[in-house]
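Input: a single structure, listed below in structure tokens.
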Amino acid sequence: DSITTTMGSESSDLTATVLASALMAEEVAIWKTLPGIYTADPELVKAPKLLRSLSFGEAEEMGRRGARILFPEFAHPLIQANSNTLVRIATPFARTTGHTTISRESAMPNRRKSRNGLAIAIEEHLVSVVGASSAMQASACHSFSKQSIVLQWTSQGETHFIIRKDDRRTFLADLDCAGYSSKESSQLSAISIILRDTDSATEALATIAKSLRSFQIHAILQAGRSVIALIDDAQGISALRKLHHDLFET
């Protein structure tokens with residue numbers, strides 16, 4: 201559309217895979233401050249485990265659920281091209297042979313044996329908005345942006361939206377324009393267990409409920425390849441640490 205824009209934090213990941221796809225590269229190395237991708241953010245938990253291999257789908261799911269090391273749609277160019285390019289996440293700042301490789305299919309023997317999930321991620325400072333509408337208004341206003349929505353589900357005639365705090369004002373205006381009446385709740389954190397496959401979702405739901413039973417849980421639901429718990433924002437980091445300890449440190 202001839203509009204200059206920026207793509208946001210970590211979008212150089214996408215630039216690298218766009219070039220790799222265009223050049224039909226065998227491998228692309230993306231340099232980070234960490235030697236790879238871990239079971240949780242090393243800045244937030246004490247003993248994260250390095251993930252040796254991931255599929256494109258698993259890595260993108262981690263990015264969508266709050267893993268700050270990856271741009272959420274970084275693998276799209278390679279997926280769309282059905283590429284065999286290998287993506288290597290590594291660092292020039294540490295003396296280590298460890299790294300994470302990302303490809304169309306991750307190497308099964310290198311995966312962690314736990315069936316409860318591959319990794320966990322957190323997205324903080326979210327707002328819950330409940331909207332109700334008997335019929336969508338036919339109006340000239342634009343529809344609300346799906347990019348603002350972290351989670352969405354419908355229950356008893358109401359639509360529940362989990363959005364980022366920074367998008368709140370614009371999103372509420374769009375809801376009003378689209379014919380919704382809405383109400384807000386307190387700020388939340390979304391803690392996600394990223395699944396290897398959706399067959400393990402039931403076990404992951406039970407794991408979250410048991411591990412976080414001492415926290416204020418607003419909802420637990422499955423979305424895509426993740427099982428997500430919505431926690432009071434003030435308890436988010438503590439809940440992440442407790443869940444990671446129970447899944448990966450014991």
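If you count the sequence shown from 1, position 4 lands on 204 in this note's numbering, and the numbers rise without skipping.
Positions of the beta carbon are idealized from the N, C-alpha and C atoms, including for glycine.
| query | result |
| --- | --- |
| Sequence-distant residues of the same chain with beta carbon closer than 7 Å to residue 350, five excluded per side | 323, 326, 362, 363, 364, 390 |
| Residues that DSSP places opposite residue 330 in a beta bridge | 360, 383 |
| Beta-carbon proximity list for residue 442, same chain, < 7 Å, skipping 5 on both sides | 411, 412 |
| Nearest neighbour of residue 263, chosen from 401, 408, 416, 319 [CA to CA] | 319 |
| Whole-number beta carbon distance between residue 234 and residue 279, since they are thought to touch under 8 Å | Actually they are not in contact, since the Cβ atoms of residue 279 and residue 234 sit about 24 Å apart, beyond 8 Å. |
| As assigned by DSSP and simplified to three states, the class of residue 325 | strand |
| Cβ-Cβ distance between residue 394 and residue 317 below 8 Å | yes |
| Beta strand (DSSP E) runs wholly inside the segment 227–262, at least 3 long, in chain order | 227–231, 253–255 |
| Rounded C-alpha distance that separates residue 447 from residue 403 | 12 Å |
| Top-ranked residue by Cα proximity to residue 300, from 375, 228, 378 | 228 |
| Proximity below 8 Å, CB of residue 271 to CB of residue 211 | yes |
| Closest residue to residue 374 among 241, 238, 329 (Cα-Cα distance) | 329 |
| For residue 440 and residue 420, believed in contact at Cβ under 8 Å, the rounded distance | That belief does not hold up - the Cβ atoms of residue 420 and residue 440 are roughly 15 Å apart, past 8 Å. |
| Straight-line Cα distance separating residue 203 from residue 310 | Interpretation of residue 310 is limited by its pLDDT of 43, a score under 50 that renders its predicted location unreliable; no figure is taken from the coordinates. |
| DSSP-derived helix/strand/coil call for residue 340 | Since pLDDT at residue 340 reaches only 46, below the 50 mark, its modelled position is unreliable, and no value is offered. |
| Nearest-angstrom Cα separation, counted from residue 304 out to residue 220 | 14 Å |
| Coarse secondary structure for residue 188, derived from DSSP in three states | This structure cannot settle anything about residue 188, because the visible part of the chain is limited to 201 through 450. |
| Beta-carbon separation (whole angstroms), residue 332 vs residue 357, contact threshold 8 Å | 6 Å |
| Boundaries of the alpha helix (DSSP H) in which residue 213 is found, first to last residue | 212–223 |
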